[in-house]
C-alpha cells in the first residue's frame, strides 16, 4: 500500500495515458533479467481491447492469471469507465478484477499502470486485487474461485524450456493430473500456456469463459492431442489471424466451462481476425468472417463414446480431401536410418590410389557436401587429410539428395564397421578389430569429439552416437533393395535404392522383396494426395509450417503389395515408369550429382523440373486416382 501511495503521488499532475505504458518494454526486461527466454510475449493493446470487448462485461469477477505489465487489466478498467455511468458502479466493478504474476516486476508495472488509468478516470477508492504468486500453484486458490472470466496471454514456453528441474517436474505432474500430458518425444513440447487454460477450469464458474492468446500448437501440435479432447468444456471457439502478429504462430482460444456432463461437439467456429497497419507502431485487429474447423481424426474408447486423442484441427471442407485413415501394415516394416554424426567427422571425399606409402589405402578429406553453415560446436574440421583402408568407406543415403522417385547420389563416409558375412548387416567394431589406418583415424576422431563435448553429455563415444538405438547395426540396413522416404521437409518423396547403401537418420527405409514391390511403394510415397494428407494431419511448428513428416505417410492404410492384385500391379507399373522418367529428367538437366555450396538450390530446381515435366504430371494424376482406389478397396476387403 505504501508503494501504491508513493506511486500515486508521483504521477499526480502528469499527462496520463489510458493504455498499458509498459507492454512492449516488459517482455524485454523480464527476458534480460532471467537470462533466457521467459515465454513473455507482449499483447498489442488493440488486440487486448478486442478480446476484452468480446467477453468482458463490467461487474464480472475477471482475472488475468499471468498479468505481465497489466495490459488486459487496464483494458478492463477502460471498459468499466466507458460502459458504467455512476462512480459507485465503477468502484464496485474495479474491485471485482484480479491479476496474478510470479514476477515482482510485473506486479509493480501493473500497479503503476492501474494507478495511472484509475487516477485519470477519477477512481481513487478502489483497486483490483494483485497477487504476487505463480497462478498455476496459488498459495490460496480459494481467493480466485468463482470467476466469471479468465482472460490473458499466459507464458509461451514449452516444458523442455524450463531450466529448473524441480519446477519442470511439478509442471509435468500438473499436466498428468489435468489429463493432458502426452509422453514420449512430445513431452518436452507441451506448452505451459495450455496448463493455464486447463488449470483455470478450477477457478471459473460453470457456463463462464476462459479466453487466452495462445501458441497455435494447441490446435495443430501432436503434443496437445489430449488437450484437444477439451474435457471440462462444452464450447470452444477461436480467432485466427490473417497474418501473424508474432514470431510464433498464434491464435486466440476461448473455452466455456461445461454446465453438465454431456458429449462434446467437435465442431469449432474459427473467426478470421484481419491484421492491418495501425495508426501507431501496433497493428490494428478487426473481426471478419468465420468458418468451421474439426479434427482430422479422433481416437476413441468405450465403443466410440470417449475420446482419448484428438488430431489436428483443420477447416471442415478440407477433411474430405484426406486419404482414409488407418495404420498401414508397412508401418512396422519401415525403420529409421542411422545417425551419422558429427557429419564433418564421418562424411568424406575419397581420392583413390594417391597414398604412395601404403597402396592399399585411400586418401580421405572431410566432405565438402555436408559442411553445413550451422554446426554449432562441431563447426570445425577434425583433420585435413587421412589414409584408411577402403573397406571402411561406405555409401550413405541422405534426404538432402532425395528428389521424387530418385536418390540423386549416395555419399561416402568413413565408418568403424565391418560387413557381417552371414547376414550382410553392419557391425560396429572396436579399434582392436580395425586395420591400422582405420584404427589410427578413428582414434583421431574420438579425441576431437571428446575435446568438444559439452559438460555432462550423455554420450561420450562416437560409436554410441553413430549406432544410436542400434540404427546402424540393424541387419535390415544390409538389404540390397530398400525403399526410402524423407523424415522431414515440405513434401513426401520416396525412392527405390539398390546395392550396399546405408540409410541415414534423415530418412526411413523398408527392405523390399522385389523391384515391383519397391515401385509400388515408391508410387504411393510420391502421390500428391499423400503429401496433401500428411500436411493436413501432421503437427506444425512455431511458424505454422509442417514440423516433420516422420511416420505420417504410414498413418493411411496402404496395403502390402499383392502381385495378384491388378490395381497393385498397375501402381507398380506407374511407379517404375515415373522412376525412369525422373532419371531421364536428371540427365537432361545435368543433375546426376548435387554438390557444392548451392546443393539445396540444385535439388529444388531439379524437383521443379520433375513436377513441371509433361511426362510426370499426368502420371502423378493417375497415381492419385489409383492410390485412393487401392486404399478404399483394401478397406472394403477388411470390412
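Numbering (our numbering), first residue to last: 1116 to 1754.
C-beta: ideal position from N, C-alpha, C; glycine also.
### Query
Looking at C-alpha atoms only, which residue of 1530, 1159, 1536, 1554 is the closest neighbour of residue 1543?
Position 428 of the chain shown, counted from the first residue, corresponds to residue 1543. Ranking the options by Cα distance to residue 1543, first place goes to 1530.
### Message
Beta-carbon within less than 6 Å of residue 1482's beta-carbon, same chain only, minus the 5 sequence neighbours each way: which residues are those?
### Response
Residue 1482 sits at position 367 when you count from the first residue of the chain shown. Result list for residue 1482: 1462, 1463, 1464, in chain order.
### Query
How many angstroms separate the CA atom of residue 1361 from the CA atom of residue 1446?
Against the chain shown, residue 1361 aligns to sequence position 246. Against the chain shown, residue 1446 aligns to sequence position 331. One C-alpha to the other measures close to 37 Å.
### Query
So the beta strand (DSSP E) residue 1700 belongs to, where does it begin and stop?
One-based indexing of the chain shown puts residue 1700 at position 585. Element bounds for residue 1700: not the beta strand (DSSP E) but the alpha helix (DSSP H), 1681-1703.
### Message
With three or more beta-carbon pairs closer than 8 Å as the criterion, would you say the segment 1323-1331 touches the segment 1278-1291?
### Response
Counting C-beta pairs closer than 8 Å gives fewer than three between the segment 1323-1331 and the segment 1278-1291, which falls short of the contact rule.
### Query
Is the segment 1519-1530 touching the segment 1568-1579, taking contact as three or more C-beta pairs under 8 Å?
no
### Task
Name, in chain order, the residues that DSSP records as bridge partners for residue 1402.
Numbered from 1 along the chain shown, position 287 holds the residue referred to as residue 1402. DSSP lists 1388 as partners of residue 1402.
### Task
Kindly list the residues whose CB is nearer than 7 Å to the CB of residue 1430, restricted to its own chain and excluding five residues on each side of it in sequence; keep chain order.
Along the chain shown, read from residue 1 onward, the residue named residue 1430 stands at position 315. If we look at residue 1430 and ignore the five residues flanking it on each side, its Cβ neighbours are 1406, 1408.
### Buried or exposed by the 16-neighbour rule on C-beta atoms within 10 Å, applied to residue 1306
Position 191 of the chain shown, counted from the first residue, corresponds to residue 1306. Burial call: buried.
#### Entry: Span of the beta strand (DSSP E) around residue 1750
Within the chain shown, residue 1750 is the residue found at index 635, counting from 1. Residue 1750 -> not in any beta strand (DSSP E); alpha helix (DSSP H) instead, spanning 1732-1753.
### Query
How do the segment 1346-1357 and the segment 1441-1460 stand: do at least 3 beta-carbon pairs fall below 8 Å, yes or no?
Three or more Cβ pairs closer than 8 Å define a contact, and the segment 1346-1357 falls short of that threshold against the segment 1441-1460.
### Task
Tell me, to the nearest whole angstrom, how far the beta carbon of residue 1180 is from that of residue 1265; I am working on the premise that it is less than 8 Å.
Against the chain shown, residue 1180 aligns to sequence position 65. Against the chain shown, residue 1265 aligns to sequence position 150. About 6 Å separates the two Cβ atoms, so the contact holds.
### Query
For the segment 1385-1399 against the segment 1411-1420, are there 3 or more C-beta pairs whose distance is under 8 Å?
no
### Query
So, is residue 1186 buried or exposed, given that buried needs 16 or more other C-beta atoms within 10 angstroms?
For the purposes of this step, residue 1186 is taken as residue 71 along the chain shown, with counting starting at 1. With 16 or more other Cβ atoms within 10 Å, it is buried.
### Message
Can you find the residues in the same chain that come closer than 7 Å, C-beta to C-beta, to residue 1698, ignoring five residues on each side of it along the sequence?
### Response
Within the chain shown, the letter at position 583 stands for residue 1698. Once the five neighbours on either side are set aside, the close Cβ partners of residue 1698 are 1521.
### Query
beta strand (DSSP E) containing residue 1415: first to last residue?
Here residue 1415 is taken as the residue at index 300 of the chain shown, counted from 1. Residues 1413-1416.
### Query
Are the segment 1188-1203 and the segment 1164-1175 in contact at 8 Å, needing three or more beta carbon pairs?
yes
### Query
Is it true that the CB of residue 1666 sits closer than 8 Å to the CB of residue 1726?
Looking up residue 1726 in the chain shown gives position 611. Looking up residue 1666 in the chain shown gives position 551. Going by C-beta atoms, residue 1726 is not nearer than 8 Å to residue 1666.
### Query
Which stretch, first to last residue, makes up the beta strand (DSSP E) that contains residue 1267?
The residue labelled residue 1267 in the question sits at position 152 within the chain shown. Element bounds for residue 1267: 1262-1267.
### Task
With residue 1308 as the anchor, note down where its alpha helix (DSSP H) starts and where it stops.
Here residue 1308 corresponds to residue number 193 of the chain shown, with the count starting at 1. Unbroken alpha helix (DSSP H) run through residue 1308: 1307-1314.
### Task
State the Cα-Cα distance for the pair residue 1304 and residue 1339, rounded to the nearest angstrom.
As a first step, residue 1304 is located in the chain shown; it is residue number 189 there, counting from the start. As a first step, residue 1339 is located in the chain shown; it is residue number 224 there, counting from the start. When rounded, the distance between both Cα atoms is 9 Å.
### Message
Could you compute how far the alpha carbon of residue 1235 sits from the alpha carbon of residue 1201?
### Response
Looking up residue 1235 in the chain shown gives position 120. Looking up residue 1201 in the chain shown gives position 86. Cα-Cα distance, rounded: 15 Å.
### Task
State buried or exposed for residue 1151, treating a residue as buried only when at least 16 other CB atoms are found within 10 Å of its CB.
Position 36 of the chain shown holds residue 1151. In this prediction, residue 1151 has a pLDDT of 37, which is less than 50 and means its spatial position is unreliable; nothing more can be read from the coordinates.
### Message
Only counting the same chain, and skipping five residues up and downstream in sequence, which positions put a Cβ closer than 6 Å to that of residue 1341?
### Response
Counted from its first residue, the chain shown places residue 1341 at position 226. Excluding five sequence positions before and after residue 1341, the CB atoms of its chain that fall closer than 6 Å to its own CB belong to 1295, 1297, given in chain order.
### Message
Taking only three categories from DSSP, how would you classify residue 1502?
### Response
Position 387 of the chain shown, counted from the start, is the residue given in the question as residue 1502. Residue state for residue 1502 is assigned as strand, using DSSP reduced to three classes.
### Query
In whole angstroms, what separates the C-alpha of residue 1496 from that of residue 1558?
Taking the first residue of the chain shown as position 1, residue 1496 is located at position 381. Taking the first residue of the chain shown as position 1, residue 1558 is located at position 443. The straight-line gap from Cα to Cα measures roughly 15 Å.
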